[in-house]
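Participant:
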Amino acid sequence: AQTVTQSQPEMSVQEAETVTLSCTYDTSESDYYLFWYKQPPSRQMILVIRQEAYKQQNATENRFSVNFQKAAKSFSLKISDSQLGDAAMYFCAYRSRSNYQLIWGAGTKLIIKP
Amino acid sequence: KAGVTQTPRYLIKTRGQQVTLSCSPISGHRSVSWYQQTPGQGLQFLFEYFSETQRNKGNFPGRFSGRQFSNSRSEMNVSTLELGDSALYLCASSLEGSSGNTIYFGEGSWLTVV
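As you go down the protein sequences, you meet chains A and B in turn. Under our numbering, the residues of the first sequence are numbered 1 to 114, in order. Under our numbering, the residues of the second sequence are numbered 1001 to 1114, in order.
This is the structure we're talking about:
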């Protein structure tokens, strides 16, 4: 069975600085998708970035980028120029090509210090 | 374009009762999935529907059931409520149901069982 691990329950960063959130996963499959979702206090899950496993190039969305290391089964999220609005829970999630469910990590609470 | 709409947003039920939660997906989306979020267990997959057919089911007891209608709207039902069913229930929809499609979430239904 696939598992997703986020080893950092909480992270804090100074506004305008860069922070990296860690995620590792375990799977025997070769074709899958990885996601980072943000959950602000409103509790609505918002997609931050996605990565397709067969693509070697790391995904980037404005200030958000990932470091995808397939062999190491690592998928970290880098947030550059952190803003107060980035404060939220961040969840790493896995979805295989053959299955339709998201498997979630436990989440990392990101605190932005003004 | 309207997002994923969940009703009711908040509800309180008594142990032993049953509850029905509703989800209207984004227009044109045919895949609907449900997740339960609790502080102790985190995010767990309940089930996924595509074109009125349940394609995947998570490890939940038979008290949890769902269905999808021809207009893609979905409902989930929990019978004989237990205190441990208190949670945020998130509904999500995606376009075609391919595992690579982006999944969009609603704001959730907060269920409290007393």
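Yeah, the Cβ is synthetic: ideal placement off N, Cα and C, and Gly gets one too.
For TYR25 of chain A versus LYS73 of chain A, is the C-beta distance shorter than 8 Å?
Facilitator: yes
Participant: In this structure, what does DSSP give as the bridge partners for ASP26 of chain A?
Facilitator: A:THR3
Participant: Taking 8 Å as the threshold, find out whether the stretch 1046 to 1053 of chain B comes into contact with the stretch 1014 to 1031 of chain B through three or more Cβ pairs.
Facilitator: Cβ pair count under 8 Å is three or more, so yes.
Participant: Tell me the DSSP bridge mates of GLN1017 of chain B?
Facilitator: GLN1017 of chain B is not bridged to any residue.
Participant: Using only the alpha-carbon positions, how far apart do SER1072 of chain B and ARG1055 of chain B sit?
Facilitator: 14 Å
Participant: How long is the line joining the alpha carbons of LEU77 of chain A and PHE64 of chain A, rounded to whole angstroms?
Facilitator: Distance between the alpha carbons of LEU77 of chain A and PHE64 of chain A: 7 Å.
Participant: For the candidate residues A:ASN67, A:GLY107, A:ASN99, A:ASP31, whose alpha-carbon lies nearest to that of GLU52 of chain A?
Facilitator: A:ASP31
Participant: What residues in the stretch 89 to 105 of chain A bring their beta carbon closer than 9 Å to a beta carbon of chain B?
Facilitator: PHE91, ALA93, ARG95, SER96, ARG97, SER98, ASN99, TYR100, GLN101, LEU102, ILE103, TRP104, GLY105
Participant: Between SER1079 of chain B and LEU1111 of chain B, is the Cβ-Cβ spacing less than 8 Å?
Facilitator: Between SER1079 of chain B and LEU1111 of chain B, the C-beta spacing is not below 8 Å.
Participant: Quick check: is the beta carbon of ASN1059 of chain B nearer than 8 Å to any beta carbon in chain A?
Facilitator: no
Participant: Please list, in chain order, the chain A residues whose beta carbon lies closer than 9 Å to that of GLY1042 of chain B.
Facilitator: PHE91, TRP104, GLY105, ALA106, GLY107
Participant: Shorter than 8 Å from the beta carbon of GLN44 of chain A to some beta carbon of chain B?
Facilitator: Yes - at least one Cβ of chain B is within 8 Å of the one on GLN44 of chain A.
Participant: Which partner residues of ILE131 of chain A appear in the DSSP bridge assignment?
Facilitator: Given that chain A is displayed from residue 1 to residue 114, the structure contains no residue 131 of chain A and the question cannot be resolved.
Participant: Going by C-alpha distance, which of A:THR20, A:GLU29, A:ILE49, A:VAL19 is nearest ALA71 of chain A?
Facilitator: A:GLU29
Participant: So, does the CB of PHE975 of chain B fall closer than 8 Å to a CB anywhere in chain A?
Facilitator: For chain B, the structure presents residues 1001 to 1114; residue 975 of chain B sits outside this window and is missing.
Participant: Given THR1007 of chain B, which residues of its chain have a CB within under 6 Å of its CB, disregarding the five upstream and five downstream residues?
Facilitator: SER1022
Participant: Could you name the residues of chain B that LEU47 of chain A contacts, counting a contact when the two beta carbons are closer than 8 Å?
Facilitator: THR1102, ILE1103, TYR1104
Participant: Taking Cβ positions only, does TRP50 of chain A come closer than 8 Å to chain B?
Facilitator: For the record, residue 50 of chain A in the displayed sequence is Arg; it is not Trp. Interface residue, yes.
Participant: So which residues of chain A does ASN1056 of chain B contact, with C-beta pairs closer than 7 Å?
Facilitator: ASN99, TYR100, GLN101
Participant: Does LEU84 of chain A come out as helix, strand or coil in the three-state DSSP assignment?
Facilitator: helix
Participant: Use the C-beta contact count for LEU1083 of chain B: other C-beta atoms within 10 angstroms, 16 or more gives buried, fewer gives exposed.
Facilitator: That one is exposed.
Participant: By the criterion of Cβ-Cβ separation under 8 Å, what are the contact partners of GLY1108 of chain B in chain A?
Facilitator: ARG43, GLN44
Participant: Going along the stretch 1012 to 1041 of chain B in order, which residues come within less than 9 Å of chain A, judged by CB to CB distance?
Facilitator: SER1031, SER1033, TYR1035, GLN1037
Participant: Considering only the alpha carbon of each residue, which of B:ARG1009, B:LYS1013, B:PHE1105 lies closest to LEU1081 of chain B?
Facilitator: Answer by Cα proximity: B:LYS1013.
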